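A.B. asks: Chains as they are written, first to last, in the numbering used here: chain C, 3 to 450; chain Y, -19 to 316.
1. For a minimum of 4 consecutive residues, which ranges assigned as the alpha helix (DSSP H) are wholly contained in the segment 45 to 69 of chain Y?
2. Report yes if the CB atom of residue 137 of chain Y is closer than 8 Å to the CB atom of residue 224 of chain Y, and no otherwise.
3. According to a CB-to-CB cut-off of less than 8 Å, which residues of the segment 258 to 282 of chain Y neighbour chain C?
4. Pull out every residue of the segment 390 to 418 of chain C whose Cβ sits closer than 7 Å to any Cβ of chain Y, in chain order.
5. Report yes if the C-beta distance between residue 354 of chain C and residue 414 of chain C is below 8 Å; otherwise report no.
6. Would residue 404 of chain C and residue 268 of chain C qualify as a contact pair, given that the criterion is a beta-carbon distance under 8 Å?
7. With a threshold of 16 other CB atoms inside 10 Å of the CB of residue 259 of chain C, please say whether the residue is buried or exposed.
8. Which residues mark the beginning and the end of the beta strand (DSSP E) in which residue 181 of chain C is found?
9. Exposed or buried, what is residue 194 of chain C when buried is set at 16 or more other beta-carbons lying within 10 Å of its beta-carbon?
10. Name, going along the chain, the residues of the segment 88 to 108 of chain Y whose beta-carbon falls closer than 8 Å to a beta-carbon of chain C.
11. Just checking: is the beta-carbon of residue 306 of chain Y within a distance shorter than 8 Å of some beta-carbon in chain C?
12. Comparing alpha-carbon positions, which option in Y/190, Y/109, Y/43 lies nearest residue 198 of chain Y?
13. Assign residue 365 of chain C to one of three DSSP states: helix, strand, or coil.
14. Let's see if you can read the secondary structure: which residues bound the alpha helix (DSSP H) around residue 238 of chain Y?
15. Hey, does residue 186 of chain C have any beta-carbon neighbour from chain Y nearer than 8 Å?
16. Is the CB-CB distance between residue 272 of chain Y and residue 402 of chain C below 8 Å?
17. Can you name the residues that DSSP bridges to residue 260 of chain Y?
18. For a contact meaning CB atoms closer than 9 Å, what does residue 143 of chain Y contact in chain C?
19. Bridge partners for residue 221 of chain Y per DSSP, in chain order?
20. On the CB-based measure, 16 or more other CB atoms within 10 Å of its CB, does residue 298 of chain C come out buried or exposed?
21. Only counting the same chain, and skipping five residues up and downstream in sequence, which positions put a Cβ closer than 7 Å to that of residue 164 of chain C?
22. For residue 86 of chain Y, write down the residues that DSSP places opposite it in a beta bridge.
23. Candidates Y/180, Y/277, Y/90, Y/87: which alpha carbon is nearest residue 64 of chain Y's?
24. Rounded to the nearest angstrom, what separates residue 114 of chain Y and residue 52 of chain Y at their Cα positions?
25. Express the C-alpha separation of residue 21 of chain C and residue 155 of chain C in angstroms, rounding to a whole number.
26. Verify the CB distance criterion: does residue 316 of chain Y have a CB-CB separation below 8 Å to chain C?
27. In this structure, how does DSSP classify residue 246 of chain C when only helix, strand and coil are distinguished?
28. Going by the beta-carbon positions, is the gap between residue 53 of chain C and residue 145 of chain C smaller than 8 Å?
29. Look up residue 216 of chain Y in the DSSP assignment and say whether it is helix, strand or coil.
30. Could you check whether the segment 227 to 234 of chain Y touches the segment 247 to 265 of chain Y, counting it as contact only if at least three pairs of C-beta atoms, one from each stretch, sit closer than 8 Å?
31. Going by DSSP, what residues sit across from residue 307 of chain C in a beta bridge?
32. What are the residues in the segment 241 to 252 of chain Y lying within 9 Å of chain C by C-beta distance?
33. Are any of the Cβ atoms in chain C nearer than 8 Å to that of residue 222 of chain Y?
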């Protein structure tokens, strides 16, 4: 049996980030291929157990209509037993029993509850969407007891939701296989790009996962080579890695809406966009300085051109945002927008002239494939996996080559013929389906 | 020339006399009554220390004539390079000053150009503006032993407050890239940022300290005494100054006075100071900075020393005496 872990999607409120979309996309494709052999599971960090997900709740989660509330109340005895760190596998097995008994009882109560009435409450999340808040034992069904020959696939934000040492112990006890999707090696290779408060935690998580995993499925060749290099640097014998391509299916709605707050700001200017959280790794600074220089050298005219930064302000970017907002030479031509609905985003992408991706590092680059599929030409950085994703359909520049970006942006914003040629070429861009991604993951797996 | 000061509480000028040296010790007998042709020379940033609107109003009532030294207008023209909110304040201040000052004495040609640009932008009157050179003495103090972290290392130096305008970012990127592609060696090479930590750089400092390549190789040294600064200048292999803008650029003048190999941005007044003794790199050209950095930090010692001797031979520092002579001449020159 293949257990697919959906804990991150189950706990996710708000608009999906890349990892959540991958988790949902891969799961859907695997379930379509394997049907009953691919079971959705959810992990509870305090109980240290995997549970199967109730199918009705699963559908709500996949449609982003429900968030599972991980708070559970336990009997004091169980609480005390779980708090102790087991020192042997026997103790560990006993603990699993305790926690599984508790879970079974709770699930029983929940099931009875559900038979009486549908007790979910609707809550409005920060993006304004209404979601059901589902108590954990309403979502969780039976405790999963994986055995030798079973596989668990994890593609989520595990540093938040998993107790990796506990899972390792369970694995030693039961002998199942752990397949880990690896997005990028930023936390160990370029920790300066990680949120300061969790840098150390994520690095430690990577260490732990590197011992837990049996197969590491990397989302690009770049990620695979970084992974292998890091592990061999740690003196480790090669463990199985493979590369799975991420799908470039977009589920953005096709009908247009008016992004009412932004459209007036654009004043019918031609604009370039960068869709990304604002954080140091994404390198908005290069675009800011390049744009400013292009204005100074009159290749960009703030009356006719604009640059849109679409995304939430993240960490360590306050200085940059302050500078852009205070800079009078820009004359309002760099515009920030966040909290857009998918429809608004799609509208803005479709009407843009140019898309930009100057990141210092990307494990993949979903934004780039999406832009290409919408027929939008882009300039991307030579870093990370972006060249693997964009192939010959994109122009590439060093992320630190500010002057190069400045020249290129000026050229494409003004030369409509040049741009039209590039856009015609995009018709040959191949889309990859989640089915193909899933096939890569399991087919080779079965051969291995 | 008489020295007077402005008492902010009483909104007026007072004579500085030794017996009444404390600014708050005001006494109406010491209050300045200006003669008809009085010339008021201002060296300071009046917005911080004076009721400058009232000062300007009195000048417009012909109570006295104001000549004002002008350092730079960067904060007013590029508020993103100043402390948050301060740029707007400076813009109002300088716009007001143009209505009351009869002659600006700019510390560089660049500052003169800035005034022209500023007045055009703000639709302000453009008072006469002359420029004079600032003096520069070689950094005072006797070279001492290097801090332990720099002993046996080759290092590039940037002496300056750490703030957005100074563009430490370019040096960080260039140094990080050179370490990543191994054209610089983390066991040998260092980059030293000597200066107080200012505004708008918290995120940059976080990146430098969290980046495994730079956390131990880029050194922040602050609260340095003259002796210590002189030591750093003395031992550095090269001096870098990638500022976005400078009204003058004292550290560059100091580095040249010590005869250091200097790489600077061609922005602001830096080319006026550096002439053709300095190598210029665009402040946004990270690859250019990287190449200059790797070239000089890897250069054989005799090549560095030969270049230093060349600079010492050709550099003609401006003494403070020369600077003062020119300044006084400008003061006395009749208004055109």
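Note that the Cβ used here is the ideal one computed from N, Cα and C, for glycine as well.
This one's a predicted model, so the numbers in the text were calculated from it and none came from an experiment.
C.D. replies: Taking the definition as stated:
1. 54 to 57
2. no
3. 262, 264, 265, 266, 267
4. 402, 403, 404, 405
5. no
6. no
7. With a pLDDT of 45 at residue 259 of chain C, under the threshold of 50, the predicted position of this residue should be treated as unreliable, and no value is reported.
8. 179 to 184
9. buried
10. none
11. no
12. Y/190
13. coil
14. 230 to 238
15. no
16. no
17. Y/244
18. Residues of chain C passing the Cβ test: none, with the nearest at roughly 10 Å.
19. Y/244
20. exposed
21. 45, 47
22. Y/50, Y/111
23. Y/180
24. 13 Å
25. 14 Å
26. Interpretation of residue 316 of chain Y is limited by its pLDDT of 48, a score under 50 that renders its predicted location unreliable; the figure taken from the coordinates is listed afterwards. No - not a single Cβ of chain C is within 8 Å of the one on residue 316 of chain Y.
27. coil
28. yes
29. coil
30. yes
31. C/272
32. none
33. no
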